[in-house]
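Novice: Our numbering numbers the first residue of the sequence shown as 159 and each following residue consecutively.
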Amino acid sequence: MKTLIATALIIASSASYAHDNSFSSESCNVDLNGGININAKEIIFSKNKSSLYTITNNDTLIIKGEEIALSSHQKSLLRDYSTHIRDVVPEVKSIALDAIDLAIDGVNLAFNELLGEGNNVSADLTTQLTSIRGEVDAEFSKQNSFYIDEDGFSGKDFFGEDFEQRIESAVESTIKNSLGTLMIAVGQEMLFSGGDMDAFETKMDDFGELIGNEMETRSEGIEKRGEALCQSIIVIDEMEEQLKESIDEISNYDFITASAKTNHNEI
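1) Do Q232 and S409 have their CB atoms nearer than 8 Å?
2) Do we get a CB-CB distance below 8 Å when we pair S409 with the residues of chain B?
3) Assuming contact is defined by CB atoms lying nearer than 8 Å, are I253 and I380 in contact in what I supplied?
4) With a threshold of 8 Å, are at least 3 pairs of Cβ atoms found where one atom belongs to the region 244-263 and the other to the region 381-401?
5) Let me check understanding here. Comparing Cα to Cα, which of S204, I196, V279 and E200 lies closest to Y411?
6) Should I213 and L236 be called a contact, given that it needs their Cβ atoms to be closer than 8 Å?
7) If you drop the 5 nearest sequence neighbours on each side, which residues of the same chain put their C-beta closer than 6 Å to that of E308?
8) In the DSSP assignment, find the beta strand (DSSP E) that holds F298 and state where it starts and stops.
9) Buried or exposed, going by whether 16 or more other CB atoms sit within 10 Å of the CB of S230?
10) Please report the distance separating the alpha-carbon of S182 from that of G264.
11) DSSP three-state label for D217, please.
12) Round the Cβ separation of L273 and R376 to the nearest angstrom and send it over; I've been treating them as touching at under 8 Å.
13) Quick check on this structure: which residue in E367, M373, K419 and S303 has the alpha carbon closest to the alpha carbon of N266?
14) Put C305 into one of helix, strand or coil per three-state DSSP.
15) Terminal residues of the continuous beta strand (DSSP E) containing G274?
16) Please report the Cβ distance between N187 and A416, rounded to the nearest whole angstrom; I am assuming they are in contact, meaning their Cβ atoms lie under 8 Å.
17) Which partner residues does V188 have in the DSSP bridge list?
18) According to the neighbour-count rule (16 or more other Cβ atoms, all chains shown, within 10 Å of its Cβ), is A296 buried or exposed?
19) Quick check on DSSP: helix, strand or coil for N266?
20) So, are the CB atoms of N270 and N277 less than 8 Å apart?
21) Using the Cα positions of I290 and A257, report the straight-line distance between them to the nearest angstrom.
22) Give a yes or no on whether the C-beta atoms belonging to S234 and I201 are separated by under 8 Å.
23) Sorted by chain position, which residues of the same chain lie with C-beta nearer than 6 Å to D217's C-beta, five sequence neighbours on each side aside?
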């Protein structure tokens, strides 16, 4: 049970970056070679916290405090690049929050089925996950600015191993603190099965499959949005290459590298 729920939570939390299904798995690989700070007026590209160039008002390029003269075509490329970067931020936030909401729904679905509505296990875990959701929401809303670099959002590995570990720890601590309640519930289920271990095991397998199918169905929409987000970032990478070819002053900078790979697996 714990493994089932923990896996569902981790899959939900990372649904915007990669997903797996019965037929294929697609991974989105995005590498940043510096920091990108986005606010209402400008996008600042930096390396080791030192600013390299800035896009202001979506079509003005600033390097070392000086505006670079651009042709109308170059301004158009810069505007498209800047606009696409800005468009990605709210979608990243939306997918991240929806993924955590999916995890919360999965928790309630699992424990409410086993322990009944209003149980303490579901309530405790939901509280912890809701707290994590609040942190994610705040991270994207902080002072109406958004910063990401090689280490993640705001210079930390926000959706990396530490994030997954927090979710796993939330599940493990809740299970540990509620072990007595869970044992009683399991015992009751065994009594309802007449002490037949095979019947009990079959029922629990069916229960796990039910939750797995439900979570998979609900996650399909998030997975598709994650794929679309990956494609959007790949387009930004391509736009960056066009900018580098067109504007000599930034030709040596390569901030975004993105690719997607689909592997077909046998069932």
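Glycine included, every Cβ here is placed at the ideal spot set by N, Cα and C.
Specialist: On the basis of the supplied data:
1) no
2) The chain inventory of the structure shown lacks chain B, comprising one protein chain alone.
3) yes
4) yes
5) S204
6) yes
7) L190
8) No beta strand (DSSP E) contains F298, which is instead part of the alpha helix (DSSP H) from N278 to S299.
9) exposed
10) Note that S182 scores 44 on pLDDT, short of 50, meaning its location in the model is unreliable; the coordinates nonetheless yield the value given after this. Distance between the alpha carbons of S182 and G264 is about 23 Å.
11) coil
12) The Cβ separation is near 21 Å, so there is no contact.
13) M373
14) The sequence shown places Tyr at residue 305, rather than the Cys named in the question. Strand at Y305.
15) Per DSSP, G274 belongs to no beta strand (DSSP E) and is neither H nor E.
16) 7 Å
17) A416
18) exposed
19) helix
20) yes
21) 12 Å
22) no
23) K233, L236 and R237
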